[in-house]
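The block underneath contains the structure these notes are about, expressed in structure tokens.
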Amino acid sequence: MHLAYPAVLAALLFSVGVYGVLARRNVVLVLMSVELMLNAVNLNLVAFDAWLRDSLHAGQALTLFTITVAAAEIGLGLAIVLLVFRTRGTADIDRITALGDPAEAADQAPAGAGSPKGQAVA
Numbered sequence: 008m009h010l011a012y013p014a015v016l017a018a019l020l021f022s023v024g025v026y027g028v029l030a031r032r033n034v035v036l037v038l039m040s041v042e043l044m045l046n047a048v049n050l051n052l053v054a055f056d057a058w059l060r061d062s063l064h065a066g067q068a069l070t071l072f073t074i075t076v077a078a079a080e081i082g083l084g085l086a087i088v089l090l091v092f093r094t095r096g097t098a099d100i101d102r103i104t105a106l107g108d109p110a111e112a113a114d115q116a117p118a119g120a121g122s123p124k125g126q127a128v129a
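For the sequence shown, this note's numbering assigns the number 8 to the initial residue and increments by one for each residue that follows.
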């Protein structure tokens, strides 16, 4: 097996994932792009493990750990996205600016220039 084929495929997958993270505004699509990047890493791990003919199969073991961490990450990420969507009504990254209560964020306006509540510092 040539190492170039899986390496080029992994590079393409990783590039698509990086583009998705940088260009997308929807949080779910950003999480999917992160998963694409992790799958590219997994492909490289398995390809190099097969190319080196490792008797311990360390690349495949690391791939299993990576898949486990990715599953936990996507579970927590989707839970956070659903919670933000319930409170804000959107999953757009640009429209989510603060993680506090939307009503409290609208009430808090900048009071003074540099001092708390507009009071002068002596």
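Note that beta-carbon positions come from the ideal geometry of N, C-alpha and C, so glycine has one too.
With a threshold of 9 angstroms between beta-carbons, can A57 be considered close to chain C, or not?
Annotation note: the requested chain C is absent from the structure, which comprises a single protein chain.
Expressed to the nearest angstrom, what Euclidean distance is found between the alpha-carbon atoms of R93 and L16?
Counting from 1 along the sequence shown, the entry for residue 93 is found at position 86. Counting from 1 along the sequence shown, the entry for residue 16 is found at position 9. Cα to Cα, R93 sits roughly 38 angstroms from L16.
Does DSSP classify A129 as helix, strand or coil?
In the sequence shown, counting from the first residue as 1, residue 129 sits at position 122. A caution first: A129 carries a pLDDT of 47, below 50, which makes its placement in the model too unreliable to give a value.
Taking the alpha-carbon positions, what's the L89 to S62 distance?
Looking up residue 89 in the sequence shown gives position 82. Looking up residue 62 in the sequence shown gives position 55. Rounded to whole angstroms, L89 to S62 spans 43 angstroms at the Cα level.
The alpha helix (DSSP H) with T94 in it runs from where to where?
As a working note, residue 94 is residue 87 in the sequence shown. Per DSSP, the unbroken alpha helix (DSSP H) holding T94 starts and ends at A65 to R95.
Beta-carbon proximity list for V41, same chain, < 6 angstroms, skipping 5 on both sides
In the sequence shown, residue 41 corresponds to position 34, counting from 1. Hits under 6 angstroms: none found.
Using 10 angstroms around the beta-carbon of T70, count the other beta-carbons present and answer buried if the total reaches 16, otherwise exposed.
For this step, residue 70 is matched to residue 63 along the sequence shown. The residue is buried, with at least 16 neighbouring Cβ atoms inside 10 Å.
Less than 9 angstroms between the beta carbons of L50 and L20, yes or no?
Position 43 of the sequence shown, counting from 1, holds the residue named residue 50. Position 13 of the sequence shown, counting from 1, holds the residue named residue 20. Yes. Within cutoff.
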